[in-house]
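UniProt numbering numbers the first residue of the sequence shown as 1 and each following residue consecutively.
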Amino acid sequence: MEKGKSKEIFAQAQSSIPGGVNSPVRAFKAVGGDPIFMESAAGAYMKDIDGNQYIDLINSWGPMILGHGNELIAEAVKQAVSRSLSFGTPTSAEVEMAELICKMVPSIEQVRMVNSGTEATMSAIRVARGYTKRDKIIKFEGCYHGHGDSFLIAAGSGAATMGEPNSPGVTKGTAQDTLTAPYNDLDKLKEIVAANKDQVAAIILEPVAGNMGCVTPVEGYLEGMRQLCDQEGIVLIFDEVMTGFRLAPGGAQELYGVMPDMTTLGKIIGGGMPVGAYGGKKEIMQMVSPSGPVYQAGTLSGNPVAMAAGLEMLKYLDSHRELYASLESTQQQIVKGMQETLDELGLNYTMNAVGSMYSMFFTDQKVVDFETAKSSDLDKFGAYFNEMLNNGVYLAPSQFETLFLSTAIGQKEVEQILSAHKKALQTINS
Ligand code: PMP
């Protein structure tokens with residue numbers, strides 16, 4: 001596989017961009033080798049600047065649930081561009097967007113648009129703190145909520161991949177207001193809450209974690225957390241930046257039937273454009289300026305081009321609800337096929353999956369939290385990743401990321417993925 005142009009431009013990028021990339025995991029540091037620079041994409045495939053083609057199993061880290069180049073979204077964007085790239089005034093598209101989000105996401109009564117998942121989570125905890133008049137938050141080891149200072153404590157995703165769970169630059173003062181708990185351990189969470197009685201403003205979690213690889217909540221975990229928050233007056237925030245509009249039209253909260261007080265959204269909500277949102281109970285969201293005293297603003301928030309893309313995406317998902325079952329069945333077919341190969345080769349690796357998200361961990365332990373996720377053999381992961389790439393399948397370049405399917409992945413792609421999987425495992429274990 002020719003990768004000369006990607007190699008060359010990555011070397012060039014080092015002088016003008018830190019590490020040559022605009023987001024750390026893209027640098028392929030965890031898997032060795034140089035990153036691939038993309039040129040175009042259509043449906044299930046991405047094409048790089050050397051002319052190689054890959055089946056895309058990241059889908060821009062989640063947003064491209066309909067695959068690349070959806071014509072409805074592209075057309076909506078073109079029309080919006082013809083009206084103006086930005087007004088900095090309210091537009092009716094924002095109202096339509098807010099109404100659709102409130103309709104689709106069961107617990108959201110009011111919503112504010114921002115430009116990324118990071119902004120959504122930063123804003124949500126500020127509101128939760130303003131509402132409860134408390135300072136501390138609890139997050140879970142291995143969960144990632146963007147790069148806001150309060151969240152760069154025991155963080156997953158790139159922070160875990162780069163071995164920087166506690167980033168320099170986060171002050172002690174900020175760090176001491178963030179308490180961390182192991183994922184999927186309700187007893188431990190209760191202990192931490194008890195030790196910080198009446199001081200915890202919010203508990204924030206990925207209701208299905210994607211940033212330590214895919215890790216699902218154990219039975220009763222979300223329900224138990226809901227009950228605990230009710231008893232203690234704590235705002236429960238589901239960070240559905242990954243799971244929102246992906247696991248169901250209404251996200252993980254719809255799938256598991258547990259309602260948070262606040263929800264943060266990103267990725268799919270922008271249809272590929274930079275969009276995030278946070279919302280929740282009206283009583284809480286009324287704290288946000290100019291309704292209330294908690295300040296949060298944005299020059300490009302609710303940008304008309306971004307709203308056009310996101311609105312078209314959400315309308316499509318809302319009116320094609322059958323696609324969720326179909327995505328899940330593609331996942332089940334892939335995971336079953338992968339498992340069969342593991343059995344055939346006598347390999348005991350762990351597969352986690354829900355809806356259109358899945359991960360394979362190179363460990364025989366059950367993966368339920370960050371500790372067990374870290375038991376994966378990362379060298380094996382790197383070797384597997386590179387073999388998959390050589391066989392035309394683009395995975396997330398880190399063990400601590402989930403994979404995302406799109407509706408563009410059909411039978412032909414499933415077969416190619418499974419055949420690449422078998423070849424890769426045979427090569428790395430030979
Ligand atoms: N929350 C979660 C659960 C995420 O997965 C991410 C990004 N992967 C974020 C927040 C941050 O979103 P963004 O990268 O858009 O700032």
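Idealized CB from N, CA, C, for every residue including glycine.
Relative to the alpha-carbon of Met225, which residue among Thr121, Asp48, Asp187 has its alpha-carbon at the smallest distance? For the purposes of this step, residue 225 is identified with residue 225 of the sequence shown, where counting begins at 1. Measuring from the Cα of Met225, the nearest candidate turns out to be Asp187.
Rounded to a whole number of angstroms, what is the C-alpha to C-alpha distance between Pro168 and Ile138? The residue you call residue 168 lines up with position 168 of the sequence shown. The residue you call residue 138 lines up with position 138 of the sequence shown. Cα to Cα, Pro168 sits roughly 20 Å from Ile138.
Report yes or no: do the stretch 230-245 and the stretch 198-216 share at least 3 C-beta pairs separated by less than 8 Å? yes
When you compare only the Cα positions, how much space is there between Lys7 and Ser398? What you label residue 7 is simply residue 7 of the sequence shown in a count that begins at 1. What you label residue 398 is simply residue 398 of the sequence shown in a count that begins at 1. Each residue's Cα considered, the two are about 19 Å apart.
N-terminal and C-terminal residue of the alpha helix (DSSP H) that Ile9 is part of: Sequence index remark: in the sequence shown, residue 9 carries index 9 (1-based). From DSSP, the alpha helix (DSSP H) with Ile9 extends over 4-16.
Close beta carbons around Lys267, own chain, < 6 Å, minus the five adjacent residues each side: As a first step, residue 267 is located in the sequence shown; it is residue number 267 there, counting from the start. The residues are Gly62, Pro63, Val241.
From the DSSP output, in three-state form, read off residue 438 for me. Beyond the ends of the chain as shown, which are 1 and 430, falls residue 438; an answer cannot be given.
Do the stretch 366-380 and the stretch 12-29 meet, that is, are 3 or more Cβ pairs less than 8 Å apart? no
Nearest residue (CA-CA) to Asn52, options Arg112, Gly4, Tyr324: One-based indexing of the sequence shown puts residue 52 at position 52. If we check each option's Cα against that of Asn52, Gly4 comes out closest.
How would you write the range of the beta strand (DSSP E) that Thr264 sits in, first residue to last? For this step, residue 264 is matched to residue 264 along the sequence shown. Residues 262-265.
Where Asp364 falls, given that 16 or more other Cβ within 10 Å makes a residue buried: Counting from one through the sequence shown, the residue named residue 364 turns up at place 364. Label assigned to Asp364: exposed.
Nearest-angstrom Cβ-Cβ length linking Glu401 and Ser157, presumed shorter than 8 Å: For this step, residue 401 is matched to residue 401 along the sequence shown. For this step, residue 157 is matched to residue 157 along the sequence shown. That pair is a contact at about 6 Å.
Given 7 Å as the limit, tell me if Val105 has its C-beta closer than that to any heavy atom belonging to the ligand PMP. Taking the sequence shown and counting its residues from 1, one reaches residue 105 at position 105. Every heavy atom of the ligand PMP is 7 Å or more from the Cβ of Val105, so no.
Is Asn211 near the ligand PMP, with its Cβ less than 7 Å from a heavy atom? Position 211 of the sequence shown, counting from 1, holds the residue named residue 211. At least one heavy atom of the ligand PMP is nearer than 7 Å to the Cβ of Asn211, so yes.
Start-to-end residues for the alpha helix (DSSP H) that takes in Gly337: In the sequence shown, counting from the first residue as 1, residue 337 sits at position 337. Gly337 -> alpha helix (DSSP H) spans 323-344.
Best match in Leu317, Phe385, Glu340, Ile409 for proximity to Thr330 [C-alpha to C-alpha]: As a first step, residue 330 is located in the sequence shown; it is residue number 330 there, counting from the start. Ranking Leu317, Phe385, Glu340, Ile409 by Cα distance to Thr330 puts Ile409 first.
So, is the C-beta of Phe400 closer than 8 Å to a C-beta in chain B? No chain B is part of this structure, which consists of one protein chain only.
Quick one: grab the DSSP three-state call for Ile234. In the sequence shown, counting from the first residue as 1, residue 234 sits at position 234. In this structure, Ile234 counts as coil in the three-state DSSP scheme.
Let me check one thing: in DSSP terms, what residues is Tyr394 bridge-paired to? On the sequence shown, residue 394 is found 394 positions in, with the first residue counted as 1. Answer is Asp56, bridged to Tyr394.
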